[in-house]
Each structure stands twice: as C-alpha cells, then as structure tokens.
Ligand SMILES: [Fe+2]
Ligand SMILES: [Fe+2]
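In the numbering used here, the protein residues as written are 1378 to 1652.
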C-alpha cells in the first residue's frame, strides 16, 4: 500500500477536513476531490464507492455557500452521504472478513432498525454491532484451536471491550443523567459487565474442548440479545432526548475513545461461570 498520512479512524468523520483541504487548495473539481480522498483515506478505500463519493462531495462543495460555518458544511456533507442500510451492513461485514478472508460470515437477517447507515452515533454503533455479528458467525465456522479461531476470538474480545467502554463514555454516561432514560442506560451498562465476564470465562477455557463452542454459543446469544435491545429499544428511547448536534458530537467522541479503548484492552482469563 502506498505511503500517506495516517488515515482517520472513520471515513464519514473526515468529510469536513477533506472538503476543507480541497477548498484550501482551490481545487473544486470532482477529479481533484477524488484524488484528495484517496490520498487522505486510502486504507479505508475498501469501504467506499470512490466515484460515487467523489461525485457527491464535489456536488456538495459546488453547491455550498463558503461563508457558511464549518458546522453547517459538516452537517450538509454528512446528511448527503448517509449510506444505505445495505451498504453500511456490507462494509461492516467486510471489515470482519479482513481478519480471516477464508471464513464464511453468514449473519443472516438482522433485527430491523432505522439506525443502520445513519451518519450519527447510532448508525456508527450499529456498524460495530454488524461487525460483531459477522465475527461471531466466522468463529462458529472454525474448528478446534485453529489459528483462525484464535485470531478471530482475540479480535472479537478486543472489539467488544473497546466498543462497550466507548459506548459508555460517548452515549450511556449522558443518557444516564436524564431521569427519563436512566433505566435504559443502567440496563445496557449492567449487561456489558455480564458479557465481559462471559468472555473472561471463555478466554480461560480450552478452545479445543467440546464444551467451548457450546459456551461460545451462549455468549453469542447473550450478546445478540444485548445489541438487539440497544438498537430496538434503548437507542430509540435515548434519541428522543438528544439534539442532532449531541448525536454528531457523540459519534466523534465514540470514534476517538473506541480506538484508544480497543488498543488498550486487556483480555482477562478467569473461570467465572459454572461448569
Ligand atoms: Fe452495549
Ligand atoms: Fe452497542
């Protein structure tokens, strides 16, 4: 892969700086936008339909009144580049597939949610949830203590630990402070602890033993239940009390905290559940 600046962790979050760079250079054509996008965001390119993204960004930039504030520009760009639910789900699955390309990631149908593809915090969280659904399915496609199982399990645990901690910091801490949604936040955070214990228990046991996959399936069921409830109940309740600016801000806090929490996550190995 050619060298370039460190890419931002999230493609959509960088649309504003992409647009600003094009403006600063006086380059407003779609071709130039596309080149800037490639240079800035190269490692994220597998997620992006480049001709479409460049065309949309170019159209937005030509339409804009450049006396508008960066926030207004940011909102216009984000609104315009909302991804379709199908594209968002496919991008999340392909992130999981990058860990072990030969493994099947059959996640089947997912519970209905209006948040998938949304350019704010809730769409970002569902994107992670879809990646987690794919990782669970891929692990079930492995056998014994194979390198793929070891690698996928490590990725899943780091992903979920990073996601849960960042979700608590970006979303649930705020939702907790509103008496009308305190219970939703408490419920979600309590489940994070239960799930963390289940992963510590799995990490302490022999992956090649016959009981491991059975325990793994129970953890999967618990986690899928947790994220379905978030998507269909707790996010829906929380959204009613948040402004668009809150939700955009939460997305950037989440992205920042997720990468820090994921890279700093330590996998606890401790038998916590009954045999
Ligand atoms: Fe959660
Ligand atoms: Fe979540």
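Backbone N, C-alpha and C define an ideal beta-carbon position, used for all residues, glycine too.
{"Asked": "Distance, residue 1540 Cα to residue 1643 Cα", "Found": "13 Å"}
{"Asked": "Residue 1544 CB to nearest heavy atom of ligand 1 below 7 Å", "Found": "yes"}
{"Asked": "Validate contact between the region 1619 to 1636 and the region 1548 to 1560 using beta carbons, cut 8 Å, 3 pairs", "Found": "yes"}
{"Asked": "CA-to-CA distance, residue 1482 to residue 1646, given in whole angstroms", "Found": "26 Å"}
{"Asked": "beta-carbon residue 1535 near ligand 1 non-hydrogen atom, thresh 7 Å", "Found": "no"}
{"Asked": "Nearest residue (CA-CA) to residue 1558, options 1611, 1631, 1474 and 1485", "Found": "1611"}
{"Asked": "Run of the alpha helix (DSSP H) containing residue 1639, from where it starts to where it stops", "Found": "1621 to 1641"}
{"Asked": "Alpha carbon of residue 1602 to alpha carbon of residue 1534, nearest angstrom", "Found": "17 Å"}
{"Asked": "Rounded distance between the beta-carbons of residue 1500 and residue 1493, thought under 8 Å", "Found": "7 Å"}
{"Asked": "Neighbourhood of residue 1470 by C-beta, 6 Å cutoff - its chain only, sequence neighbours within 5 removed", "Found": "1482 and 1511"}
{"Asked": "Cβ-heavy atom distance, residue 1608 to ligand 1, below 7 Å", "Found": "no"}
{"Asked": "Where residue 1477 sits in the DSSP three-state scheme", "Found": "coil"}
{"Asked": "Straight-line gap, residue 1544 to residue 1502 (C-alpha atoms, nearest Å)", "Found": "8 Å"}
{"Asked": "Contact check, residue 1547 vs residue 1498, beta carbons under 8 Å", "Found": "yes"}
{"Asked": "Contacts around residue 1477, its chain only, beta-carbon distance under 7 Å, and the 5 residues preceding and following it disregarded", "Found": "1515, 1525, 1528 and 1529"}
{"Asked": "Contacting residues, own chain, Cβ-Cβ under 6 Å from residue 1576 (five flanking each side not counted)", "Found": "1534"}
{"Asked": "Which of helix, strand or coil DSSP assigns to residue 1488", "Found": "coil"}
{"Asked": "Distance cut-off 7 Å: residue 1565 Cβ against heavy atoms of ligand 1", "Found": "yes"}
{"Asked": "Spatial distance of residue 1650 from residue 1578 (CA atoms)", "Found": "7 Å"}
{"Asked": "Beta-carbon gap between residue 1508 and residue 1472 smaller than 8 Å", "Found": "yes"}
{"Asked": "Closest by C-alpha distance to residue 1520, when choosing among 1588, 1574, 1565 and 1569", "Found": "1588"}
{"Asked": "Check whether residue 1506 and residue 1606 have beta carbons under 8 Å apart", "Found": "no"}
{"Asked": "Selected residue, minimal CA-CA separation from residue 1568, among 1542, 1581, 1556 and 1504", "Found": "1542"}
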